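To start, the structure itself, in structure tokens.
Residue numbers (the working numbering): 402 to 511.
In structure tokens, the structure reads:
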């Protein structure tokens with residue numbers, strides 16, 4: 402994997418508070434991207450909005466914190482507080498599309 406762009410994505414399945422998740426906590430950990438954070442992680446560009454009712458913004462907040470703690474070299478996080486919710490990338494496309502294009506050009510080359 403050379404680069405990751407993620408928008409309002411679940412990163413830690415242990416954060417969901419369902420009975421099924423609690424019964425399968427070990428599986429939830431294995432399926433969680435945050436479990437696999439490391440220093441040599443690929444470049445990341447993440448978007449999330451504080452009003453997201455589908456995937457709480459704490460998923461992105463804790464994931465970015467874990468990447469930084471691991472000293473991952475290239476992490477860009479754009480959080481919004483404009484009510485765009487789970488559709489953050491689409492509702493802010495005037496900003497997110499150019500950011501994605503610039504990110505991929507920079508990381509993967511033109």
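Heads up, the beta-carbon is just placed ideally off N, CA and C, and yes, glycines get one too. Keep in mind it's a predicted model, so treat the numbers as computed, not measured.
Check, Outcome
"One or two residues paired with residue 479 in a DSSP bridge", "448"
"Sequence-distant residues of the same chain with beta carbon closer than 8 Å to residue 487, five excluded per side", "409, 450, 453, 454, 455, 456"
"DSSP-derived helix/strand/coil call for residue 467", "helix"
"Nearest neighbour of residue 444, chosen from 490, 405, 501, 500 [CA to CA]", "405"
"Test item: CB-CB of residue 509 and residue 479 under 9 Å", "no"
"Coil, strand or helix - residue 405 by DSSP", "strand"
"Cα-Cα separation, residue 506 to residue 416", "33 Å"
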